[in-house]
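Using the working numbering, you'd call the opening residue of the sequence shown number 259 and step up by one each time.
Using N, Cα and C, we set each Cβ at its ideal position, and we do this for glycine too.
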Amino acid sequence: MPQYLQNLSLHSILSERRAKGQQLHSSGESTTQIDHHLTTSVSPSKPVLFLDFDGTLAPIVAIPSDARMPNQTRALLSKLKSQYDIFIVSGRERSDVKKRVSVDGLGYAGSHGFEIEINGEIYEALQNKSIREDLDRMFGEITERLKNVKGCILEHNNWSLSVHYRCCESEDDVDLVKHTVTDIYSNSSHSQSYSQHLKISHGKKVLEIKPNVDWHKGKAVEHIMECYKKEKNIEYGEFLPVYIGDDRTDEDAFSQVQCVNGVGIIVADSDDKRIVEGETKAHYYVHNTDEVVTFLSSLLQESAEEEE
């Protein structure tokens with residue numbers, strides 16, 4: 259079960275990890291084991307930040323196109339980028355989320371990680387004409403069949419589709435949206451191709467349709483970290499990946515940073531099922547986007563203290 263990040267700072271996380279290292283010592287672990295724990299879980303280097311957009315940097319809104327990142331957060335990222343390497347990881351199309359963040363010098367992984375931009379260079383994780391055609395075709399079918407359902411909002415994110423039902427007027431309409439998407443996927447004239455090339459997942463009041471391949475936000479984070487290691491000529495353990503996100507699609511990224519002793523922070527209420535039942539792979543949680551800002555602001559303060 260993740261812990262609430264009460265002090266909302268990286269210092270509190272590292273202090274806790276050092277304490278765990280001391281507990282290992284008292285439990286009879288060998289010095290070698292303790293040293294390994296401390297050097298791999300408490301990095302002396304500054305963190306590398308991976309940040310989701312919707313629900314993390316920008317509050318969740320009813321209409322996805324209305325999502326805006328507060329100017330305070332934008333100013334904070336502009337300051338942080340001179341001290342830390344920052345990558346935005348979003349389900350939105352890369353060009354869309356880049357425009358909404360509007361801070362130069364950051365890296366981006368859009369469309370659930372299928373489009374990656376590092377230092378101005380673009381990497382697409384997938385080059386498959388058949389999958390692209392199926393995404394376009396299914397988008398057209400969903401649009402036609404749900405065009406009269408008020409509150410249903412569709413987005414084409416280049417390598418993924420989002421079918422939002424947050425604004426639907428009734429539970430019957432929500433059920434209709436879910437049934438229609440499933441029916442198109444399973445029973446339309448192109449269902450055989452859809453089932454081969456695409457898969458459906460559930461997010462916060464949204465259905466996500468993505469390529470049926472082994473790629474997701476976690477794979478994108480892994481790719482970025484490998485590029486980062488090569489660029490900086492460093493290894494894992496010499497930097498601390500910190501991933502902050504709020505949705506189920508971020509779980510793969512939490513798992514990935516956990517594999518290299520990084521830190522996962524989920525944005526969720528204390529009574530969220532993922533928190534209460536320990537379903538998330540994140541180590542810690544904060545309640546909302548304001549607390550994300552508080553955590554990120556603490557990094558500036560800690561960086562200033564290190565320079566004194």
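- Rounded to the nearest whole angstrom, the C-alpha separation of residue 401 and residue 265 is 46 Å.
- Burial state of residue 357 is exposed, judged by a 10 Å Cβ sphere holding fewer than 16 other Cβ atoms.
- In the assembly as shown, residue 539 is a buried residue. Its beta-carbon has 16 or more other beta-carbons within 10 Å.
- Per DSSP, residue 361 has no beta bridge partner at all.
- Taking the C-beta atoms as reference points, residue 372 is found no nearer than 8 Å to residue 346.
- Assigned with DSSP and collapsed to three states, residue 322 falls in helix.
- Counting C-beta pairs with one atom in each stretch, the stretch 312-319 and the stretch 546-559 have three or more that are closer than 8 Å, which means they touch.
- Just so you know, the alpha carbons of residue 531 and residue 517 end up roughly 24 Å apart.
- Around the beta-carbon of residue 468, 16 or more other beta-carbon atoms lie within 10 Å, marking it buried.
- Nearest to residue 384 by C-alpha distance, out of 473, 485 and 422, is 473.
- Taking all protein chains in view, the Cβ of residue 455 is crowded by 16 or more other Cβ atoms within 10 Å, so the residue is classified as buried.
- By the neighbour-count criterion, in which a residue is buried when 16 or more other Cβ atoms sit within 10 angstroms of its Cβ, residue 406 is exposed.
- Here residue 541 is not bridged, per DSSP, to any residue.
- Non-local C-beta neighbours of residue 544 in its own chain, meaning closer than 7 Å and more than five positions away in sequence, comprise 263, 266, 523, 525, 550 and 553, ordered along the chain.
- In this model, residue 432 and residue 480 are separated by some 35 Å (Cα to Cα).
- Taking the Cα positions, residue 329 is about 17 Å away from residue 323.
- For residue 509, the number of other beta carbons within 10 angstroms of its own is at least 16, and it is reported as buried.
- Here the alpha carbon of residue 558 sits roughly 11 Å from the alpha carbon of residue 304.
- Under a 10 Å Cβ-count criterion, residue 326 is classified as exposed, with fewer than 16 other Cβ atoms of the shown protein chains found around its own Cβ.
- Straight-line measurement puts the Cα of residue 389 at about 23 Å from the Cα of residue 355.
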